[in-house]
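Enquirer: Be aware that the sequence shown starts at 160, since it is given in this note's numbering, and climbs by one per residue.
Don't be surprised by glycine CBs; every beta carbon is placed ideally from N, CA and C.
Fair warning: this is a prediction, and the values are worked out from it, not measured in the lab.
Here it is: the structure, laid out below.
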Amino acid sequence: MTTVGVLRETAGRERRVAMTPDGVVRLRRTGVRVLVEAGAGRSAWFDDPAYVEAGADVGSREQVYAESDILVVVRPPDDIAALPAGRTLIGLLDPLGDPGLAETLAAQGVTAISLDLLPRTLSRAQPLDALTSQANVAGYKAALLAAEAYGGFFPMLVTAAGTSRPAQVLVLGAGVAGLQAIATARRLGAQVTGYDVREAAQADIASTGALVLALSDAVQNGSDGYASALTGDEAASQLHSLAQAVPRFDVVITTAKVPGGRSPLLVSAEALDAMRPGSVVLDLGGGNVAGSAPDTRVVTGHGVTVIGAPNLASTVPVAASTAYARNVVAALGALDDDELVSAMTVRPLHDLDKERR
Ligand code: NAD
């Protein structure tokens, strides 16, 4: 019988777990054994007895490594050298961000399947789409976090003490996270404007009921649904145009990313300086805002709060783990789908070079 091992996450501040008790029930129905590392779900409020009740065994990390055929994680474990040869590791392994990981795993004889390499546009791939499920959670939390940091109301409130104007919120980047940030800020009552460099995203923004910020420069029509990096001139022109627009807003949430590349800078130091005191800028894309650093909250000299928050899904661990576990169950059920598995298999660069030749 195949054993699926669930490892406790080792990355700092990571509160998600790759499998929930609900997911265990689904896996057990497919005839696999599930072995969960003791305490793996604790940070997401799934305790060991809940896993046992769902039909899993609970054991030590050593036992999970020794007895599992397939190991599931959210992020790469920091004791990757302990992975025995012949095992399969499934997770959001970020091989494009850390090419060295592929070499290490290949040298150890471990097959690595990274959900972030999923060909997302194939409709049968959607149940496995962990990038989407996690970006959705992150976008939701971004709006809440920005609202919490903002000193005013998001909605227009009419009370005996007068009427408050709604907060003006700008969301830069309208992919999965951005659209969820827009929707959540709107549910809170803010007046929301969205912006994206992709042509197709303009209709997505409008469909949420938000206003669309149209800049004359840099509109892309890429066929794969992803933005590509702008040229130096385009990026400079975009940064300049955004610096004119950004100071009109109370709250700016940035979610822009380019697959396999650096997140583009969209809010310059000049734009931050021109914002009103009390404004909030939240950088979810990581690198979208001048001077922002991951997991920090700083207030600039004239009172603009800059929040660096590239790992927000982990701060909503129940929802994020529940969605992720469903993606993992779907991935385990798709291991006989050669096209999907081949696309998600992490290969060292020299192997890819050989395949291309
Ligand atoms: P992402 O996380 O890679 O990027 C976030 C957003 O940043 C994107 O909308 C991108 O266009 C934008 N961006 C990049 N550079 C920018 C710049 N310089 N200025 C402004 N915006 C910039 O994107 P994502 O959320 O993973 O989604 C990417 C695409 O994939 C979208 O088209 C989405 O609809 C699509 N998608 C399709 C499926 C599917 O077909 N099943 C599933 C998920 C996502």
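Determine the burial state of residue 235: buried for a count of at least 16 other Cβ atoms within 10 Å of its Cβ, exposed for fewer.
Expert: Its Cβ being crowded by 16 or more others within 10 Å, residue 235 is buried.
Enquirer: Please confirm whether any heavy atom of the ligand NAD lies closer than 8 Å to the CB of residue 237.
Expert: Residue 237: no, Cβ never under 8 Å from the ligand NAD.
Enquirer: Just confirm the distance between the C-beta atoms of residue 287 and residue 274, as a whole number of angstroms; I'd bet it's less than 8 Å.
Expert: Right, their Cβ atoms sit about 6 Å apart.
Enquirer: Between residue 311 and residue 409, is the Cβ-Cβ spacing less than 9 Å?
Expert: Yes, the pair counts as a contact, with Cβ atoms nearer than the cut-off.
Enquirer: Where residue 454 and residue 189 are concerned, what is the direct C-alpha to C-alpha distance, given to the nearest angstrom?
Expert: Spanning the two alpha carbons is a distance of roughly 39 Å.
Enquirer: Might you give, ordered along the chain, the residues of its own chain that have their beta carbon closer than 8 Å to the beta carbon of residue 204, omitting 5 neighbours on each side?
Expert: Closer than 8 Å at the Cβ level, and outside the excluded window around residue 204, lie 476 and 477.
Enquirer: Spell out the partners DSSP gives residue 327 in its beta bridges.
Expert: According to DSSP, which records beta bridges pairwise, residue 327 is partnered with 350.
Enquirer: Kindly confirm or deny that the segment 427 to 446 and the segment 454 to 474 touch, where touching means at least three C-beta pairs closer than 8 Å.
Expert: The segment 427 to 446, when compared against the segment 454 to 474, does touch it at the 8 Å Cβ threshold.
Enquirer: Could you tell me whether the Cβ atoms of residue 246 and residue 260 are closer together than 9 Å?
Expert: No, they are not a contact pair.
Enquirer: Assuming residue 294 and residue 336 form a contact by the criterion Cβ under 8 Å, report the distance between their Cβ atoms to the nearest whole angstrom.
Expert: That pair is a contact at about 4 Å.
Enquirer: Can you find at least 3 beta carbon pairs, one from the segment 418 to 429 and one from the segment 440 to 453, that sit closer than 8 Å?
Expert: Contact between the segment 418 to 429 and the segment 440 to 453 is present, because at least three Cβ pairs lie under 8 Å.
Enquirer: Is residue 354 near the ligand NAD - that is, is its Cβ less than 8 Å away from at least one heavy atom of it?
Expert: Yes, since a heavy atom of the ligand NAD falls inside the 8 Å radius drawn around the Cβ of residue 354.
Enquirer: Got a sec? Which residues, its chain only, sit under 8 Å from residue 452 by beta carbon, not counting five neighbours each side?
Expert: Cβ neighbours of residue 452 beyond the five flanking positions: 467.
Enquirer: Any chance the CB of residue 385 is under 8 Å from a heavy atom of the ligand NAD?
Expert: Yes, the Cβ of residue 385 comes within 8 Å of a heavy atom of the ligand NAD.
Enquirer: Quick one: Cα of residue 183 to Cα of residue 162, how far?
Expert: Distance between the alpha carbons of residue 183 and residue 162: 12 Å.
Enquirer: Under a Cβ-count criterion, where at least 16 other Cβ atoms within 10 Å of its own Cβ denotes burial, should residue 363 be classed as buried or exposed?
Expert: Looking at its Cβ environment, which holds 16 or more other Cβ atoms inside 10 Å, residue 363 is buried.
Enquirer: With a threshold of 8 Å, are at least 3 pairs of Cβ atoms found where one atom belongs to the segment 275 to 282 and the other to the segment 492 to 507?
Expert: The answer is yes - the segment 492 to 507 touches the segment 275 to 282, with three or more Cβ pairs under 8 Å.
Enquirer: If you measure from the CB of residue 389, is any heavy atom of the ligand NAD nearer than 8 Å?
Expert: At least one heavy atom of the ligand NAD is nearer than 8 Å to the Cβ of residue 389, so yes.
Enquirer: Kindly indicate the opening and closing residues of the alpha helix (DSSP H) around residue 364.
Expert: Looking at the DSSP string, the run of the alpha helix (DSSP H) that includes residue 364 is 358 to 366.
Enquirer: Please classify residue 442 as buried or exposed, where buried requires at least 16 other C-beta atoms within 10 Å of its C-beta.
Expert: Counting Cβ neighbours within 10 Å, residue 442 comes out buried, since at least 16 surround it.
Enquirer: Please indicate yes or no: does the CB of residue 286 lie closer than 8 Å to some heavy atom of the ligand COA?
Expert: Among the ligands in the structure shown, the ligand COA does not appear; only the ligand NAD can be found there.
Enquirer: Using three-state DSSP, classify residue 390 as helix, strand or coil.
Expert: The answer is coil: DSSP assigns residue 390 none of H, G, I, E or B.
Enquirer: Of all the options 490, 488 and 469, which has the alpha carbon lying nearest to the alpha carbon of residue 173?
Expert: The shortest Cα separation from residue 173 among 490, 488 and 469 belongs to 469.
Enquirer: Where residue 267 and residue 232 are concerned, what is the direct C-alpha to C-alpha distance, given to the nearest angstrom?
Expert: Their Cα atoms are separated by approximately 18 Å.
Enquirer: Mind checking whether residue 352 and residue 301 have CB atoms under 9 Å apart?
Expert: Cβ atoms of residue 352 and residue 301: not closer than 9 Å.
Enquirer: Spatial neighbours of residue 306 within its chain, please: C-beta separation below 7 Å, excluding the five flanking residues on both sides.
Expert: The answer, listed in chain order, is 313 and 347.
Enquirer: Where does residue 240 sit, in a helix, a strand or coil, going by DSSP?
Expert: Residue 240 falls in the helix class under three-state DSSP.
Enquirer: In or out: residue 324 buried (at least 16 other Cβ within 10 Å) or exposed?
Expert: Looking at its Cβ environment, which holds fewer than 16 other Cβ atoms inside 10 Å, residue 324 is exposed.
Enquirer: Report, in whole angstroms, the separation of the C-beta atoms of residue 491 and residue 186, which I expect to be a contact under 8 Å.
Expert: Residue 491 to residue 186, Cβ: 7 Å. Contact.
Enquirer: Among all the DSSP beta bridges, which residues are the ones paired with residue 248?
Expert: The partner list for residue 248 (beta bridge, DSSP) reads 230 and 271.
Enquirer: With hydrogens ignored, establish whether the beta-carbon of residue 425 is closer than 8 Å to any heavy atom of the ligand NAD.
Expert: Yes, the Cβ of residue 425 comes within 8 Å of a heavy atom of the ligand NAD.
Enquirer: Determine, using beta carbons only, whether residue 356 and residue 386 come nearer to each other than 9 Å.
Expert: The answer is yes: Cβ separation under 9 Å.
Enquirer: Look at the Cβ atom of residue 330, then the Cβ atom of residue 354, and state whether they are nearer than 9 Å.
Expert: Contact: yes.
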